[in-house]
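Working notes for the structure below.
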Amino acid sequence: MTNEIWATVLAALKSALGKNSFSSWIEPLEFKELVDGVAVFDVPTNFIGNYVSQNFGDQILYHMNNLGQEVQRLQFRVPSQTRPTAKAKATSKAAEPEAGSGAPLDSRFTFDTFVVGKPNELAHAAARRVAEGGPVTFNPLFLYGGVGLGKTHLMHAIAHELKLRSPELNVLYLSAEQFMYRFITALRERKMMDFKQLFRSVDVLMVDDVQFIGGKDSTQEEFFHTFNALVDGQKQIIISADRAPGEIKDLEERIKSRLQCGLVVDLHPTDYELRLGILQSKVEVYSAQYPELQIADGVLEFLAHRISTNVRVLEGALTRLFAFASLVGREITLDLTQDCLSDVLKASDRKVTVEEIQRKVSEHYNIRLSDMIGPKRVRNYARPRQIAMYLAKQMTSRSLPEIGRRFGGRDHTTVMHGVKRIEELKALDSQIADDLELLRRALQE
Ligand SMILES: Nc1ncnc2c1ncn2[C@@H]1O[C@H](COP(=O)(O)OP(=O)(O)OP(=O)(O)O)[C@@H](O)[C@H]1O
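Going by the UniProt record's numbering, the first residue of the sequence shown is number 1, and it counts up by one from there.
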């Protein structure tokens, strides 16, 4: 393979992965040679080699082969080491293809690696129950929640556990999108009998991201029949979606009601403790693999506090941090974290609205929202009002007149006075300083 072809692969990867992932992971690779179907790369550290191999290996192979190169596997080596990286496996399969025709299961998504906290304890308990196998108790199990909260992880964990306990079980996991493509292919190739036979012969069917079939009428129809046949046959069905069954757009009523007739559980947004727990468990894994990488006290707490969007982003941030630390050969300190993750940290700063601030502050001081916004000037209302104005100035991009309008049409000079007053009090009154800190955190959760 020539360097020109590698440059074309790079261009394709850049547009597929986006600037950040590309510069963190792909740019450090140096293509060396292609020998007997093995593409060899120099990488700055084992950590980067392993990460690229696990996460982007398939894509790199795909693009190379697409350009006419016959590449079976990738090899990553650290030039300073005498031996090639022992750990940097040839294009690793974190996801092993399963027997049967399901989508591959990710071997990292098990119950052991799933961290349980208040927001996901119910979903976890239900998943555990289903994974025990035995007589079907609730059918279907419907898991829903926002992006990156662990639905797929739990589904894969159920599948792994079921296969471990009862290897003879035919467990089929796939996304709703794959279900649709298989259905369309079966129609096109006139193989509907095979399709029906395949889906009706499983013991456990798992369909991820079922919201995808909203608005796809024939797929819904087929899904409905598959679903009914399996429930009638006492086979377990597990479904996930990004919202509750009743809220999925353009989904037939009969399917909504079918989906609701088992156990519906949601994964709530993560809280600080759960995020910290997840980070700690990931660090344990990294530290066992790369004992030379040290992480300073307070870094995980900082990340758990600042990145509250979703677990995928949190994990990605930590991995990037470890990769960077392995490159520069330094301990992961708070300063290094802020430098290395400045874009992620900026993007995940939650956009808070003036209305949210008013609501939180009135709850905190136990006064009515209408009193805070209204004209009363008694201290009980005036001080929380000034605090809310101060936070609105600090945490939103609203101008003083805009903030004034949201506080019952007050003048911008009133807002300015309130903000100044709280700035003064903050330095003098520790109670006010504590309240401000508490409110700021609660608003960023
Ligand atoms: N409680 C948890 N413990 C450990 N890892 C978690 C947990 N929750 C999520 N993760 C990790 O976060 C990442 C995203 O999780 P997953 O893919 O399961 O999310 P999802 O809810 O299916 O998201 P999507 O809506 O995008 O499909 C995975 O790497 C997963 O391992």
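Built from N, CA and C at the ideal position, the CB exists for glycine as well.
How would you label residue i, buried or exposed, when you count the other beta carbons within 10 angstroms and need 16 or more for buried?
{"i": "Gly298", "result": "exposed"}
{"i": "Ala229", "result": "exposed"}
{"i": "Gln294", "result": "exposed"}
{"i": "His156", "result": "buried"}
{"i": "Gly100", "result": "Only weak support is given to the placement of Gly100: the predicted model assigns it a pLDDT of 47, under 50, and the value that follows is read from those uncertain coordinates. By the neighbour-count rule (16 or more Cβ atoms within 10 Å), Gly100 is not buried but exposed."}
{"i": "Arg188", "result": "exposed"}
{"i": "Asp208", "result": "buried"}
{"i": "Gly316", "result": "buried"}
{"i": "Arg165", "result": "exposed"}
Work out the CA separation of residue j and residue i for me, nearest whole Å.
{"i": "Asp429", "j": "Asp242", "result": "45 angstroms"}
{"i": "Leu303", "j": "Cys340", "result": "12 angstroms"}
{"i": "Val361", "j": "Glu121", "result": "30 angstroms"}
{"i": "Leu74", "j": "Trp25", "result": "15 angstroms"}
{"i": "Pro104", "j": "Tyr173", "result": "8 angstroms"}
{"i": "Glu423", "j": "Leu369", "result": "23 angstroms"}
{"i": "Leu162", "j": "Ala442", "result": "40 angstroms"}
{"i": "Val43", "j": "Arg421", "result": "56 angstroms"}
{"i": "Leu106", "j": "Tyr365", "result": "As written in the sequence, residue 106 is Asp, which differs from the Leu given in the question. Asp106 and Tyr365: Cα-Cα distance of roughly 48 angstroms."}
{"i": "Gly37", "j": "Val71", "result": "4 angstroms"}
{"i": "Thr152", "j": "His305", "result": "24 angstroms"}
{"i": "Ile213", "j": "Glu331", "result": "47 angstroms"}
{"i": "Asp58", "j": "Leu67", "result": "14 angstroms"}
{"i": "His268", "j": "Glu355", "result": "23 angstroms"}
I want to check one thing, is the minimum distance from the CB of residue i to the heavy atoms of ligand 1 below 7 angstroms?
{"i": "His153", "result": "yes"}
{"i": "Ile432", "result": "no"}
{"i": "Lys209", "result": "The sequence given here has Asp at residue 209, not Lys. Correct: Asp209 has its Cβ closer than 7 angstroms to ligand 1."}
{"i": "residue 446", "result": "Residue coverage of the chain in this structure runs from 1 to 445, which leaves residue 446 outside it and unanswerable."}
{"i": "residue 446", "result": "No statement about residue 446 is possible, as the shown extent of the chain runs from 1 to 445 and does not include it."}
{"i": "Gly18", "result": "no"}
{"i": "Gly105", "result": "It is Leu, not Gly, that sits at residue 105 in the sequence shown. Checking every heavy atom of ligand 1 against the Cβ of Leu105, none is found closer than 7 angstroms."}
{"i": "Phe212", "result": "no"}
{"i": "Asp242", "result": "yes"}
{"i": "Glu315", "result": "yes"}
{"i": "Val147", "result": "yes"}
{"i": "Gly215", "result": "no"}
{"i": "Arg275", "result": "no"}
{"i": "Asn50", "result": "no"}
{"i": "Arg440", "result": "no"}
Quick one, which of the options has its alpha-carbon nearest residue i's?
{"i": "Asn3", "options": "Phe41, Ala16, Glu273, Asp36", "result": "Phe41"}
{"i": "Lys216", "options": "Asp208, Tyr286, Tyr181, Ile238", "result": "Tyr181"}
{"i": "Gly233", "options": "Ser201, Phe224, Ile255, Lys19", "result": "Ser201"}
{"i": "Gly150", "options": "Ser218, Phe109, Lys14", "result": "Phe109"}
{"i": "Thr337", "options": "Glu301, Thr353, Asp371", "result": "Glu301"}
{"i": "Gln289", "options": "Phe31, Gly49, Phe111", "result": "Gly49"}
Which one or two residues does DSSP pair with residue i in a beta bridge?
{"i": "Val40", "result": "Glu33, Gln75"}
{"i": "Val265", "result": "Leu143"}
{"i": "Ile295", "result": "Ile332"}
{"i": "Met206", "result": "Tyr173, Ile238"}
For ligand 2, is there a heavy atom less than 7 angstroms away from the beta-carbon of residue i?
{"i": "Phe179", "result": "Here the bound small molecules are ligand 1; ligand 2 is not part of this structure."}
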